[in-house]
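Novice:
Protein chains in written order, with our numbering: chain A, 37 to 253; chain B, 51 to 266.
(1) Three-state secondary structure (DSSP) at residue 57 of chain B?
(2) Under 9 Å, do residue 77 of chain A and residue 183 of chain A count as touching if we go by C-beta distance?
(3) Classify residue 202 of chain B as helix, strand or coil using the three-state DSSP reduction.
(4) What are the uninterrupted segments assigned as beta strand (DSSP E) that are 3 or more residues long and contained completely in the segment 167–218 of chain B, given in chain order?
(5) Please identify, using Cβ separations under 9 Å, the residues of the segment 80–114 of chain A that lie next to chain B, in order along the chain.
(6) Would you mind telling me which residues of chain A sit closer than 8 Å to residue 126 of chain B, beta carbon to beta carbon, in chain order?
(7) What are the partner residues of residue 119 of chain B, as DSSP defines its beta bridges?
(8) Which residues, taken in chain order from the segment 204–227 of chain A, show a beta carbon closer than 7 Å to some beta carbon of chain B?
(9) Keeping to the same chain, check which residues put their C-beta closer than 8 Å to that of residue 186 of chain A; ignore five residues upstream and five downstream.
(10) Quick one: using the 10 Å Cβ neighbour count with 16 as the cut-off for buried, is residue 125 of chain A buried or exposed?
(11) Do you know offhand how far residue 59 of chain B's Cα is from residue 98 of chain B's?
(12) Using the C-alpha atoms, what's the distance from residue 197 of chain B back to residue 221 of chain A?
(13) Residue 184 of chain B and residue 158 of chain B - do their beta-carbons sit closer together than 9 Å?
(14) Under 7 Å Cβ-Cβ, which residues of chain B neighbour residue 158 of chain A?
(15) Let me make sure I understand the geometry here. Which of A/86, A/121 and A/111 has the alpha-carbon closest to that of residue 139 of chain A?
(16) Going by alpha carbons, who is nearest to residue 119 of chain A out of A/159, A/224, A/172 and A/98?
(17) Between the segment 219–230 of chain B and the segment 158–177 of chain B, do at least 3 Cβ pairs fall closer than 8 Å?
(18) Hey, could you find the ends of the beta strand (DSSP E) residue 222 of chain B is sitting in?
(19) Let me know if residue 55 of chain B comes out buried or exposed under the rule of 16 or more other beta-carbons within 10 Å of its beta-carbon.
(20) Return the CA-CA distance between residue 253 of chain B and residue 231 of chain B, expressed in angstroms with no decimal places.
(21) If I'm right that residue 143 of chain B touches residue 154 of chain B with Cβ under 8 Å, what's the distance once you round it to whole angstroms?
(22) Can you list the residues of chain B that residue 231 of chain A reaches, using a CB-CB cut of under 8 Å?
(23) Is residue 120 of chain A near the ligand FMN, judged by its Cβ being under 8 Å from some heavy atom?
(24) Suppose contacts are defined by Cβ-Cβ distances below 9 Å. Is residue 57 of chain B in contact with residue 217 of chain B by that definition?
(25) Between the C-alpha atoms of residue 109 of chain B and residue 211 of chain A, what's the straight-line distance to the nearest angstrom?
(26) Residue 99 of chain B touches chain A at which residues, Cβ-Cβ below 8 Å?
(27) Just to confirm the assignment, what range does the beta strand (DSSP E) spanning residue 106 of chain B have?
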């Protein structure tokens with residue numbers, strides 16, 4: 037008995053799918069949701085290179101792309117400039133050090149780096165503890181990992197596209213929530229967050245891939 | 051370690067709050083325990099994390115200090131490699147709970163709170179608290195309602211109340227509107243993890259009088 041949120045998912049999703057994503061900036065110009073790139077997004081590929089061959093040039097590219105954004109995230113979440121600067125450097129060092137744990141079949145680079153930045157915000161800046169779920173074993177072959185990674189990358193591109201095409205007010209609410217400007221009860225009470233829309237986009241593929249991989253139905 | 055018999059899942063709002071980092075530690079523990087047992091919510095949660103990734107990627111850049119990159123490279127060079135995540139021995143408790151208890155149910159320091167019911171308060175900081183409840187088979191927790199939000203997850207056995215029956219992995223959400231008397235199944239003692247941000251409101255006089263002493 038899942039408690040569903042009461043947003044008008046179907047209508048919002050129709051709007052989304054009807055819209056082109058022309059304003060989504062990407063090296064691989066993507067004009068429609070249906071036209072999926074056939075390669076991993078470049079940042080996920082960089083992170084794989086860091087993981088597999090300690091590629092320092094790839095790390096520097098990731099740093100230039102994400103470190104200024106991680107710092108912006110930490111400042112918006114309430115950190116001072118000095119705290120955010122230190123925590124950003126620590127978070128980016130963690131990206132290098134934990135690269136061996138990165139699994140592109142589960143998350144792309146921006147998602148994975150977001151979770152590192154968020155955890156740094158909680159334990160480094162707020163000095164709080166965040167219980168984490170037990171990790172699951174992923175015993176898949178390289179071939180399966182590659183195809184799952186591609187699907188995850190495409191889904192994440194679709195999510196970015198979905199976020200960038202949301203009405204301003206809805207997008208700002210999502211940003212406020214992720215920038216720690218909303219308490220959990222505000223998130224629960226806030227009916228303007230298009231959870232349904234986002235979730236429908238996310239669920240198109242991810243569940244299937246992931247359930248398939250873990251052998252569950 | 052996934053249980054496909056779970057019927058009562060997390061809400062989207064709770065998962066989003068966990069993903070953003072807005073959820074107090076006590077509720078986060080319930081989320082982490084449920085997700086440890088539930089693939090469906092694990093997928094949904096990873097989806098919310100992907101939403102966070104999208105927000106991060108579209109955030110306007112802040113200026114880094116001069117030399118931030120070389121400072122980061124120094125940090126990498128001077129920090130010992132991170133350990134791989136801890137592996138836990140098979141246990142009746144999910145891994146995130148084992149971290150608080152130091153193992154499974156055999157490691158819990160129970161305190162009696164009357165009627166055969168026992169509890170153990172977990173060392174948690176923040177505005178909400180979490181406790182383990184041990185309800186002997188067939189026994190009931192006295193009729194109560196809630197001031198704030200209560201999340202209760204079953205770890206062993208099952209209980210039934212006015213809403214439904216809840217078994218291992220299931221999570222019940224209680225708020226001002228829920229007044230219930232959870233009764234443990236007859237077959238097995240029931241162990242639950244409960245997180246609340248306000249004291250329970252008991253209907254009976256005796257539980258109310260005991261409340262200050264048992265800290266529930």
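Backbone N, C-alpha and C fix where the C-beta goes; we use that ideal spot for every residue, glycine too.
Quick caveat, the model's predicted, so the values are computed rather than measured.
Specialist: Let me lay it out:
(1) coil
(2) no
(3) strand
(4) 168–171, 179–185, 194–196, 200–206, 208–210 and 215–217
(5) 92, 95, 96, 99, 100, 101, 102, 103, 104, 105, 106, 107, 108, 109, 110, 111, 112 and 113
(6) 129, 132 and 133
(7) In DSSP, residue 119 of chain B forms no bridge with anything.
(8) 210, 211, 213, 214, 216, 218, 219, 220, 223 and 224
(9) 74, 75 and 76
(10) buried
(11) 16 Å
(12) 13 Å
(13) yes
(14) 71
(15) A/86
(16) A/159
(17) no
(18) 221–224
(19) exposed
(20) 10 Å
(21) 5 Å
(22) 62, 63 and 66
(23) Among the components modelled here there is no ligand, and therefore nothing to report on the ligand FMN.
(24) yes
(25) 9 Å
(26) 143, 147, 150 and 151
(27) Premise fails: residue 106 of chain B lies in the alpha helix (DSSP H), 89–107, not in any beta strand (DSSP E).
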